[in-house]
Amino acid sequence: MEPTGIQFAGVLGLGGPEVIVILVLALVLFGGKKVGELGKGLGEGIRNFKTALKGDDDEKIEEKKQA
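In this text, residue positions in the sequence shown follow our numbering: the first is 2, and each later residue adds one.
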């Protein structure tokens, strides 16, 4: 149970208005095209990281089968 007056703070303690302000500042500082490129690069990096983690598990399973 949460004490009265305390609300769920979201990711890293940031609420909706704070996230919107950060996104608007990023858009103003970097421009729409650059923000899109940054988002695309971040998404690709996360995807590569996940596949690398899955790939390590698959290699370990194959090594156990061969041994």
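For glycine and all other residues, C-beta sits at the position ideal for the given N, C-alpha and C.
On a predicted model such as this, the values are computed, not experimentally measured, just so you know.
Measure the alpha-carbon distance for residue i versus residue j and round it to whole angstroms.
i   : j   : result
K34 : G16 : 26 Å
K51 : G40 : 17 Å
L30 : V22 : 12 Å
G14 : L24 : 16 Å
G42 : R48 : 10 Å
Determine whether the beta carbon atoms of residue i and residue j lie at a separation below 9 Å.
i   : j   : result
V36 : L28 : yes
Cβ of residue i within 8 Å of any heavy atom in the ligand MG?
i   : result
I47 : Among the components modelled here there is no ligand, and therefore nothing to report on the ligand MG.
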